[in-house]
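Numbering (the working numbering), first residue to last: 237 to 599.
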Amino acid sequence: MSADLPPIALVDLAARHRRVADEVERRVLAVLRGGRYVGGPVVEEAEGAVAALLGRRFGVGAGSGTDALALALKALGVGPGDEVIVPAVSFFATVESVLHTGATPVLVDVGAPRPLLDPDAAAAAVTTRTRAIVPVHLFGDVAPAPALGVPIVDDAAQSVGTSPPPRQGLLAAVSFYPTKVLGAAGDGGLVATDDPELAQRLRRLGSHGMSVNNVHHRVAGHVGGNSRLDGVQAAVLLGHLAALHERVARRREIAARLDALLGDLALPRDPGSPVSVYVIRHPRRDRLQAELQRRGVLTAVYYPLPMSAQEVIGGDLARARAATPRAAAFCDEALALPCHEDLSEADVARLLEALSGALAACA
Ligand SMILES: Cc1ncc(COP(=O)(O)O)c(C=O)c1O
Numbered sequence: 237m238s239a240d241l242p243p244i245a246l247v248d249l250a251a252r253h254r255r256v257a258d259e260v261e262r263r264v265l266a267v268l269r270g271g272r273y274v275g276g277p278v279v280e281e282a283e284g285a286v287a288a289l290l291g292r293r294f295g296v297g298a299g300s301g302t303d304a305l306a307l308a309l310k311a312l313g314v315g316p317g318d319e320v321i322v323p324a325v326s327f328f329a330t331v332e333s334v335l336h337t338g339a340t341p342v343l344v345d346v347g348a349p350r351p352l353l354d355p356d357a358a359a360a361a362v363t364t365r366t367r368a369i370v371p372v373h374l375f376g377d378v379a380p381a382p383a384l385g386v387p388i389v390d391d392a393a394q395s396v397g398t399s400p401p402p403r404q405g406l407l408a409a410v411s412f413y414p415t416k417v418l419g420a421a422g423d424g425g426l427v428a429t430d431d432p433e434l435a436q437r438l439r440r441l442g443s444h445g446m447s448v449n450n451v452h453h454r455v456a457g458h459v460g461g462n463s464r465l466d467g468v469q470a471a472v473l474l475g476h477l478a479a480l481h482e483r484v485a486r487r488r489e490i491a492a493r494l495d496a497l498l499g500d501l502a503l504p505r506d507p508g509s510p511v512s513v514y515v516i517r518h519p520r521r522d523r524l525q526a527e528l529q530r531r532g533v534l535t536a537v538y539y540p541l542p543m544s545a546q547e548v549i550g551g552d553l554a555r556a557r558a559a560t561p562r563a564a565a566f567c568d569e570a571l572a573l574p575c576h577e578d579l580s581e582a583d584v585a586r587l588l589e590a591l592s593g594a595l596a597a598c599a
């Protein structure tokens, strides 16, 4: 591989911006010149557009996907003394959001080969204190959500662009972190729901618990805070929306070419996945990652540890391995490869060649 070519990265946000620059910059400038920076018609338009994408009536913006999850749980009244069931493989924010409500996350194992919530493990974990289940629709695939008589909150952070969108829960939380398929130019998130009462609670929770200016209430037992989508981020999202369909189509096309080379190493995907992250499993993952890097392909480990092994919640790998063995096995083998709309045909050819070479070196 030619030494003077830049490495193939997992994402290229500057290239993505260039494709939609005129539309995004026009909209952002209009917000800046309009002087309405928090709330207002642009935010309402973005909230409505994303809610429609998710197949829900209401969208309530939040400061991040993490906040969106915590607000969704709080709107349901989840709090201290309650338990929330979450899968052991996710970005840590899923657990963090439960902890921010004061409740206890109950980490359950995932299936195989895909690291999606195992419905039997979830059913076995239900107790009288279980107040919610959070299936994580990881990498853009829809996780099963068992009907256990407990409210479901979709962690749909990686699911904007999934068709049909996950609709298991009363509420779905998404993230607009810049690397997401629909990303902002900073942090942002949103909760979508069909329930007007929940939508109103979410709005109040994210706006200091206010009914009218400077009159504050507890909402579903919780003190409010400040977590809203701002006008500039809403404008960026609206500027990206028209490109979303084409973006997802290109990701699926590249993913299909990777699948053809990788066979069973590639995780199975739902046909409607936007390929938020393209992940493979390989028994010599670390060696494969190094071989790919040597050949100019940058990759990432999504995720290196089951959430139950994270030190922040007092976990350790040995216990996590015993309690959630499929999650631990996944985390030992998972590797995310570049698969995004800003790869040129030449990049895809280089990627496939590098993969062939690296796989042969790891055989
Ligand atoms: C599965 C999952 N949940 C939650 C989050 C949190 O979103 P954010 O980074 O916007 O707080 C993310 C994204 O990073 C995620 O991938």
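Just so you know, even glycine gets a beta-carbon here, dropped at the ideal spot from N, CA and C.
Just so you know, these numbers come straight off a predicted model, no measurement behind them.
Residue i - DSSP class collapsed to helix/strand/coil
i	result
histidine 336	helix
glycine 425	strand
glycine 376	helix
proline 510	coil
glutamate 577	coil
glycine 461	coil
histidine 452	strand
valine 396	coil
threonine 415	coil
arginine 263	helix
threonine 364	coil
serine 592	helix
glutamine 245	Per the sequence presented here, residue 245 reads as alanine, with glutamine not at that position. The answer is coil: DSSP assigns alanine 245 none of H, G, I, E or B.
glycine 299	coil
valine 484	helix
aspartate 390	strand
aspartate 500	helix
leucine 407	strand
alanine 285	helix
Cutoff 8 Å; reference residue i; Cβ partners in own chain excluding five residues on either side
i	result
serine 326	Val372, Leu374, Asp391, Tyr539, Met543
arginine 439	Val296
valine 331	Val322, Pro341, Leu343, Met543, Gln546, Ile549
leucine 268	Val468
aspartate 568	Arg521
glycine 442	Val296, Gly297, Ala298, Gly299, Asp303, Leu307, Gly460, Gly461, Asn462, Ser463, Arg464
tyrosine 273	Val267, Asp466, Gly467, Val468
alanine 360	Val344
Contact test: residue i Cβ vs ligand 1 heavy atom, cutoff 7 Å
i	result
tyrosine 413	yes
leucine 374	yes
alanine 393	yes
threonine 429	no
phenylalanine 294	no
serine 509	no
threonine 302	yes
leucine 305	yes
serine 463	no
aspartate 423	yes
serine 326	yes
proline 329	Per the sequence shown, the amino acid found at residue 329 is alanine instead of proline. Answer for alanine 329: yes, Cβ within range of ligand 1.
Nearest residue (CA-CA) to residue i, options the options
i	options	result
alanine 324	Asp354, Ala409, His453	Asp354
serine 463	Phe566, Leu249, Arg263, Lys310	Lys310
leucine 312	Ser592, Val427, Ala564, His576	Val427
alanine 594	Leu498, Ser580, Arg292	Leu498
proline 402	Pro414, Ile388, Tyr413, Thr415	Ile388
glutamate 283	Asp552, Pro243, Gly467, Ala572	Gly467
alanine 470	Ile490, Gln529, Ala298	Ala298
alanine 478	Tyr413, Asp258, Ile244, Pro242	Asp258
arginine 487	Phe294, His576, Gly425	His576
glutamate 581	Leu407, Glu489, Arg454, Ala266	Glu489
isoleucine 244	Thr535, Ala526, Val417, Glu261	Thr535
proline 519	Gly317, Pro351, Cys598, Asp430	Cys598
leucine 524	Ala596, Pro432, Tyr413, His253	Ala596
alanine 526	Leu241, Ala590, Ala393	Ala590
leucine 289	Pro349, Asp430, Arg252	Asp430
phenylalanine 566	Pro574, Leu553, Asp578	Leu553
glycine 317	Ala329, Leu335, Gly301	Leu335
proline 386	Leu406, Ala348, Asp578, Gly475	For the sequence presented, residue 386 should be read as valine rather than proline. If we check each option's Cα against that of valine 386, Leu406 comes out closest.
glutamine 404	Ser411, Met446, Ser395	Ser395
Nonlocal neighbours in the same chain, by C-beta distance under 6 Å from residue i, ignoring five residues either side
i	result
alanine 421	Val472
threonine 415	Val247
valine 196	Nothing in the structure corresponds to residue 196, since the chain is present only between 237 and 599.
valine 264	Val468, Ala471
leucine 465	Val279, Gly297, Gly424
glycine 551	Ser544, Ala545
serine 399	Gly508
Cutoff 7 Å; reference residue i; Cβ partners in own chain excluding five residues on either side
i	result
valine 314	Val320, Thr337, Ala339, Arg367, Ala368
aspartate 495	Ala502
valine 584	Ile490, Arg493
Neighbour flag for residue i against chain D, beta carbons, 8 Å
i	result
valine 427	Any reference to chain D falls outside this structure, which holds one protein chain only.
Practice problem: For the stretch 305-362, list the alpha helix (DSSP H) runs that are entirely contained and at least 4 residues long, ordered along the chain. | Solution: Taking only runs of at least 4 residues, the alpha helix (DSSP H) segments lying wholly in the stretch 305-362 are 329-337, 355-361.
Open item on the list: Ignoring anything shorter than 3 residues, give me the beta strand (DSSP E) runs that lie fully in the stretch 514-556, in order along the chain.
Closed with: Considered as a whole, the stretch 514-556 harbours 514-517 as its complete beta strand (DSSP E) runs of no fewer than 3 residues, in chain order.
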